[in-house]
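*Asks:* Below you will find the structure I want to go over with you.
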Amino acid sequence: MISGAEIMVKCLEAEGVSVVFGYPGAAICPFYDKIYDSSIKHILVREEQNAAHAASGYARCSGRPGVCVATSGPGATNLITGIATAYTDSIPMVVITGQVRSDLLGRDVFQEADITGACEPFVKHSYLVSKTEDLPRIFKEAFHIASTGRQGPVLIDIPIDIQTNSIDEFIYPDKVNIMGYKPNTKGHVVQVKRAVEAIKASKRPVIVAGGGVLSSGVKLKLQEFVDKTKIPVISTMMGIGVMPSEHELYLGMLGTYGKAVANRALHEADLVIVCGARLGDRAVAAPDQMSEKTTVIHIDIDPAEIGKNVKTEIPIVGDMRNVMNMLIENIGDFAVLNQWSDTIRLWKKDLFKEPPVFDGYVEPRTLVGHLSSMLHSKAILVADVGQNQIWCANNFRIREGRFLTTGGMGTMGYSIPAAVGAKFARPERDVIVVCGDGSFQMSLNELATIAGNNLNIKIIIMRNKRLGMVRELQDNNYGGRHSATILQGDPDFLKIADAYGIDHAEASSNEEAEEIIRGVVDSDKPFILVCNVYPDTPSI
Amino acid sequence: MLYTLSILVENQAGVLSKISGLFSRRGFNIDSLAVGITNDPNVSRITIVANGDEYVVEQLEKQLNKLIPVIKVKRLNEGEFISRELILIKVHCAAAKRAEIIKTVEIMQAKIVDVSPSCVTVEYCECANRVNTLIDLLKPYGIREIVRTGTVAIDRGTASVSV
Ligand SMILES: Cc1ncc(C[n+]2csc(CCOP(=O)(O)OP(=O)(O)O)c2C)c(N)n1
Chain A
1 MISGAEIMVK CLEAEGVSVV FGYPGAAICP FYDKIYDSSI KHILVREEQN
51 AAHAASGYAR CSGRPGVCVA TSGPGATNLI TGIATAYTDS IPMVVITGQV
101 RSDLLGRDVF QEADITGACE PFVKHSYLVS KTEDLPRIFK EAFHIASTGR
151 QGPVLIDIPI DIQTNSIDEF IYPDKVNIMG YKPNTKGHVV QVKRAVEAIK
201 ASKRPVIVAG GGVLSSGVKL KLQEFVDKTK IPVISTMMGI GVMPSEHELY
251 LGMLGTYGKA VANRALHEAD LVIVCGARLG DRAVAAPDQM SEKTTVIHID
301 IDPAEIGKNV KTEIPIVGDM RNVMNMLIEN IGDFAVLNQW SDTIRLWKKD
351 LFKEPPVFDG YVEPRTLVGH LSSMLHSKAI LVADVGQNQI WCANNFRIRE
401 GRFLTTGGMG TMGYSIPAAV GAKFARPERD VIVVCGDGSF QMSLNELATI
451 AGNNLNIKII IMRNKRLGMV RELQDNNYGG RHSATILQGD PDFLKIADAY
501 GIDHAEASSN EEAEEIIRGV VDSDKPFILV CNVYPDTPSI
Chain B
1 MLYTLSILVE NQAGVLSKIS GLFSRRGFNI DSLAVGITND PNVSRITIVA
51 NGDEYVVEQL EKQLNKLIPV IKVKRLNEGE FISRELILIK VHCAAAKRAE
101 IIKTVEIMQA KIVDVSPSCV TVEYCECANR VNTLIDLLKP YGIREIVRTG
151 TVAIDRGTAS VSV
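Sequence order for the protein chains is A and B. With our numbering, letter number 501 in the first sequence gets 501, and the count goes up by one each step, no holes. With our numbering, letter number 89 in the second sequence gets 89, and the count goes up by one each step, no holes.
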């Protein structure tokens with residue numbers, strides 16, 4: 001006989017899961033009792049939302065679904081923001097929650113919460129398990145659904161009696177058969193041909209690359225296509241890292257907080273090839289204007305994204321890898337007219353300005369701009385939300401590494417737990433967090449997770465004593481009335497670092513900051529650097 | 001504009017809430033909804049009549065298709081399908097008006113299924129337009145209660161929506 005809880009652990013093992021992030025409680029105790037003896041590492045976070053963010057960071061850096069676990073009731077509801085963040089960023093994740101006994105469901109007993117109901121809008125799929133014998137099939141399906149098609153979180157809610165009941169034997173299915181789930185990955189040949197014709201006929205094409213290029217693992221294919229065709233590339237926030245920042249045909253991030261040159265190129269283009277991006281309102285503020293003059297080719301695994309925000313002439317539904325291969329095969333020796341690439345190069349040169357320096361402060365954009373040269377080429381930078389995110393998005397010079405942030409939900413507090421996950425996925429790489437003083441305080445409890453596991457994560461806090469991005473909004477749109485954006489009562493962050501036994505320093509100039517960073521990059525211990533930033537520093 | 005969608009779903013707990021949740025979440029309006037099992041006991045059919053422009057209905061179809069338990073979604077083409085609703089109408093019926101009401105019911109090919117001294121109950125199974133006509137015709141006598149199902153619809157000829 002084998003219990004449901006043992007089956008859960010065996011399912012995770014069968015899926016090759018080596019680490020899960022979570023927080024226990026009564027309703028999930030049978031599972032915790034079994035994972036205790038297993039080879040799977042359980043990382044205790046300090047709040048459930050962060051378990052989901054850590055699973056997200058893990059998933060993005062390992063290419064495998066991240067797994068997080070919580071108990072019923074408050075444990076489960078604490079997860080919601082993390083699940084919603086993963087959903088909007090299309091991150092593959094399997095979320096396991098304990099639930100009250102099946103025969104008590106619906107009676108509002110202690111720590112009962114209808115978590116499958118509450119998460120309905122934020123999950124790709126969810127299960128409330130009603131029989132122990134269903135567990136293997138459900139786990140198999142959950143991992144399959146989370147990691148295929150457009151990736152996303154899948155929730156499995158498991159009542160405690162399902163965990164304690166036993167069945168005769170454990171058999172993990174080797175196939176799934178879900179009638180209603182057969183993502184189309186091929187890419188329609190005729191549509192690809194039409195796209196190729198349109199590209200060949202264009203004079204000023206651009207590529208807009210989003211997170212889909214990274215999650216399908218085809219950034220090198222895209223680079224090959226770009227090197228061949230010389231079509232300039234713009235990325236969305238989630239797409240940062242599809243091209244090395246220094247690539248001559250890479251123009252940076254588009255949108256409200258993006259690079260002027262990227263927006264200008266998009267505006268002037270006669271053909272836009274959208275790759276794995278949904279072109280949300282932050283990316284393209286006036287989508288109807290864009291599609292009036294331009295032909296849009298949209299490649300996405302999710303048919304519902306095509307035509308949702310921007311009118312599309314040539315839709316291609318399929319996996320980015322397949323479609324990119326088809327495009328490369330069919331494009332022949334087409335290359336963009338020199339005139340267009342020359343114009344772009346000219347704009348790019350024109351627009352670079354060194355930001356002004358304020359005495360006694362670190363200039364964050366310049367610091368982030370220099371950061372890459374102090375790190376190894378595959379470094380992973382995790383940016384939080386706010387001005388710090390924009391500074392990083394526009395100035396970090398990515399080489400072969402990753403840029404992680406939450407583009408869809410913009411959840412403050414994402415960076416530290418996500419970095420924890422990233423470090424478990426890629427222990428050999430530099431993992432750097434850049435966050436604001438506000439966002440730091442949303443997840444500083446995870447310093448314990450970092451300290452407790454001696455994770456080599458370097459954290460840079462950009463301290464402007466403001467909720468900077470909202471402060472800026474108030475300056476621009478609300479007559480400079482700083483309602484609730486001045487951070488009063490903030491603690492001494494160095495003492496906090498000290499309390500967790502994490503090495504730390506403070507910098508009030510770029511020279512100082514850079515010297516400190518150079519001194520610690522090669523250490524194998526966590527570090528916190530507090531940078532004093534001039535409060536009125538703009539985002540762009 | 002009204003659209004009729006025929007949706008096949010896996011017959012499992014929570015499907016209906018997933019579908020109705022999707023409509024309300026994305027601001028789509030449902031005019032009517034009908035659910036029932038099909039010849040395969042694992043598969044249910046949901047027929048939805050919804051209101052919206054081309055963009056809305058296209059989004060709707062795509063979003064419905066993304067729900068894992070949804071097996072198939074088909075928009076039925078105007079004029080190429082047969083649709084029915086079932087309605088029960090309880091009408092106030094004074095003795096003096098009884099003959100008139102019976103006549104109307106006969107002309108419309110409806111059926112009186114219950115009679116009491118002061119009212120009759122009429123049963124009618126027709127497309128939404130004809131059902132509305134009957135309601136209009138009976139309104140002057142005083143309608144006490146209406147019980148009406150959502151529309152069910154099926155393709156004309158050999159076409160079908162099946163797994
Ligand atoms: C959980 C959450 N609450 C509120 C917001 C709204 N918000 C966006 S940016 C921002 C300010 C962030 O301040 P800080 O972390 O100090 O970063 P800065 O902008 O100063 O770099 C706020 C409050 C949010 N994105 N997420």
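By construction, the Cβ of each residue, glycine as well, lies at the ideal position given by its N, Cα and C atoms.
For residue 462 of chain A, which beta-bridge partners are listed by DSSP?
*Replies:* Looking at the DSSP assignment, residue 462 of chain A forms a beta bridge with A:436 and A:531.
*Asks:* Which residues of chain B have a Cβ atom closer than 7 angstroms to the Cβ of residue 409 of chain A, listed in chain order?
*Replies:* Correct list: empty, because the minimum Cβ distance to chain B is about 16 angstroms.
*Asks:* So what's residue 507 of chain A in DSSP terms, helix, strand or just coil?
*Replies:* Strand at residue 507 of chain A.
*Asks:* Going along chain B in order, which residues have a C-beta closer than 8 angstroms to the C-beta of residue 248 of chain A?
*Replies:* What residue 248 of chain A touches in chain B: nothing, since even the nearest Cβ is about 38 angstroms away.
*Asks:* For the pair the region 419 to 427 of chain A and the region 485 to 501 of chain A, tell me if three or more CB-CB distances fall below 8 angstroms.
*Replies:* At 8 angstroms Cβ cutoff, the stretches do not touch.
*Asks:* Enumerate in chain order the residues of its own chain whose CB-to-CB distance from residue 60 of chain A is below 6 angstroms, with the five nearest sequence positions on each side excluded.
*Replies:* Result list for residue 60 of chain A: 404, in chain order.
*Asks:* Can we count residue 17 of chain B as close to ligand 1, meaning its CB is less than 6 angstroms from some heavy atom?
*Replies:* No, since every heavy atom of ligand 1 falls outside the 6 angstroms radius drawn around the Cβ of residue 17 of chain B.
*Asks:* Would you mind telling me which residues of chain B sit closer than 7 angstroms to residue 125 of chain A, beta carbon to beta carbon, in chain order?
*Replies:* Chain B residues near residue 125 of chain A: 68.
*Asks:* Leaving out the 5 sequence neighbours to the left and right, which residues in its chain are closer than 8 angstroms to residue 143 of chain B when beta-carbon positions are compared?
*Replies:* The answer, listed in chain order, is 89, 90, 91, 92 and 135.
*Asks:* Below 9 angstroms between beta carbons is the criterion; list the residues of the region 6 to 23 of chain B that meet it against any residue of chain A, in chain order.
*Replies:* Taking 9 angstroms as the Cβ-Cβ cut-off against chain A, the residues of the region 6 to 23 of chain B that qualify are 8, 9, 10, 13, 14, 17, 18, 21 and 22.
*Asks:* Beta-carbon within less than 6 angstroms of residue 341 of chain A's beta-carbon, same chain only, minus the 5 sequence neighbours each way: which residues are those?
*Replies:* Once the five neighbours on either side are set aside, the close Cβ partners of residue 341 of chain A are 230.
*Asks:* Which chain A residues are close to residue 62 of chain B, counting only those with a beta carbon under 7 angstroms from its beta carbon?
*Replies:* Those within 7 angstroms of residue 62 of chain B in chain A are 303 and 304.
*Asks:* In chain order, what residues of the region 136 to 157 of chain A put their CB closer than 7 angstroms to some CB of chain B?
*Replies:* So the list reads 145, given in the order they occur along the chain.
*Asks:* Could you check whether the Cβ of residue 466 of chain A sits closer than 6 angstroms to any heavy atom belonging to ligand 1?
*Replies:* Yes, ligand 1 has a heavy atom inside 6 angstroms of this Cβ.
*Asks:* Pull up the distance between the alpha-carbon of residue 323 of chain A and that of residue 439 of chain A, whole angstroms please.
*Replies:* One C-alpha to the other measures close to 39 angstroms.
*Asks:* Please tell me whether, using a cut-off of 6 angstroms, the distance from the CB of residue 281 of chain A to the nearest non-hydrogen atom of ligand 1 is below it.
*Replies:* Checking the Cβ of residue 281 of chain A against ligand 1 gives no.
*Asks:* Strictly by DSSP, which residues pair up with residue 19 of chain A?
*Replies:* Paired residue(s): A:41.
*Asks:* When the Cα atoms are used, what is the spatial distance from residue 357 of chain A to residue 534 of chain A?
*Replies:* Residue 357 of chain A and residue 534 of chain A: Cα-Cα distance of roughly 9 angstroms.
*Asks:* Check whether the Cβ atoms of residue 204 of chain A and residue 448 of chain A lie closer than 7 angstroms to each other.
*Replies:* No.
*Asks:* In this structure, does DSSP put residue 73 of chain A in helix, strand or coil?
*Replies:* Note: residue 73 of chain A maps to coil in three-state DSSP.
*Asks:* Compare the beta carbon distance of residue 85 of chain A and residue 374 of chain A with 7 angstroms and say whether it is the shorter of the two.
*Replies:* It is not a contact, given that the beta carbons lie outside the stated cut-off.
*Asks:* I want to verify the contact list: residues of chain A whose CB lies under 8 angstroms from the CB of residue 71 of chain B, in sequence order.
*Replies:* Per Cβ cutoff of 8 angstroms: 179 and 180.
*Asks:* Which whole-angstrom value describes the C-beta separation of residue 148 of chain A and residue 173 of chain A, a residue pair presumed to lie in contact below a C-beta threshold of 8 angstroms?
*Replies:* The Cβ separation is near 16 angstroms, so there is no contact.
*Asks:* Compare the Cα-Cα distances from residue 121 of chain B to each of B:133, B:56, B:146 and B:12 and report the closest residue.
*Replies:* When only C-alpha atoms are compared, the closest one is B:146.
*Asks:* Mind listing the chain A neighbours of residue 56 of chain B? Cutoff is C-beta to C-beta under 7 angstroms, in chain order.
*Replies:* Simply none; closest approach about 11 angstroms.
*Asks:* Do we get a CB-CB distance below 7 angstroms when we pair residue 183 of chain A with the residues of chain B?
*Replies:* Not an interface residue.
*Asks:* Can you give me the Cβ contacts of residue 128 of chain A inside the same chain, cut-off strictly under 6 angstroms, excluding the 5 residues immediately before and after it?
*Replies:* Excluding positions up to five away in sequence, the list reads 116 and 157.
*Asks:* Looking at the structure shown, is residue 303 of chain A part of a helix, part of a strand, or coil, going by DSSP?
*Replies:* It is helical.
*Asks:* Can you find a heavy atom of ligand 1 that lies under 6 angstroms from the Cβ of residue 56 of chain A?
*Replies:* The answer is no for residue 56 of chain A.
*Asks:* Using the beta-carbon of each residue, which ones in chain A are nearer than 7 angstroms to residue 25 of chain B?
*Replies:* Ordered by position in chain A, the residues that pass the 7 angstroms Cβ test against residue 25 of chain B are 121.
*Asks:* Would you please state the rounded distance, in angstroms, between the beta carbons of residue 541 of chain A and residue 276 of chain A? I believe it to be under 8 angstroms.
*Replies:* Lying outside 1 to 540, the shown extent of chain A, residue 541 of chain A is not represented and no answer is given.
*Asks:* Is residue 98 of chain A near residue 49 of chain A, with beta carbons less than 7 angstroms apart?
*Replies:* It is not a contact, given that the beta carbons lie outside the stated cut-off.
*Asks:* Output the distance between the C-alpha atoms of residue 170 of chain A and residue 280 of chain A, rounded to the nearest integer angstrom.
*Replies:* Cα to Cα, the separation comes out at about 44 angstroms.
*Asks:* Going along chain A, which residues have a C-beta under 9 angstroms from residue 163 of chain B?
*Replies:* Within 9 angstroms Cβ-Cβ: 179.
*Asks:* From this set, A:531, A:27 and A:258, which residue's C-alpha is nearest residue 162 of chain A's C-alpha?
*Replies:* Nearest option by C-alpha distance: A:27.
*Asks:* Where are the beta strand (DSSP E) runs, 3 residues long or more, that stay fully inside the region 91 to 132 of chain A, in chain order?
*Replies:* Counting whole runs of 3 or more residues, the region 91 to 132 of chain A contains the beta strand (DSSP E) stretches 93 to 99 and 125 to 128.
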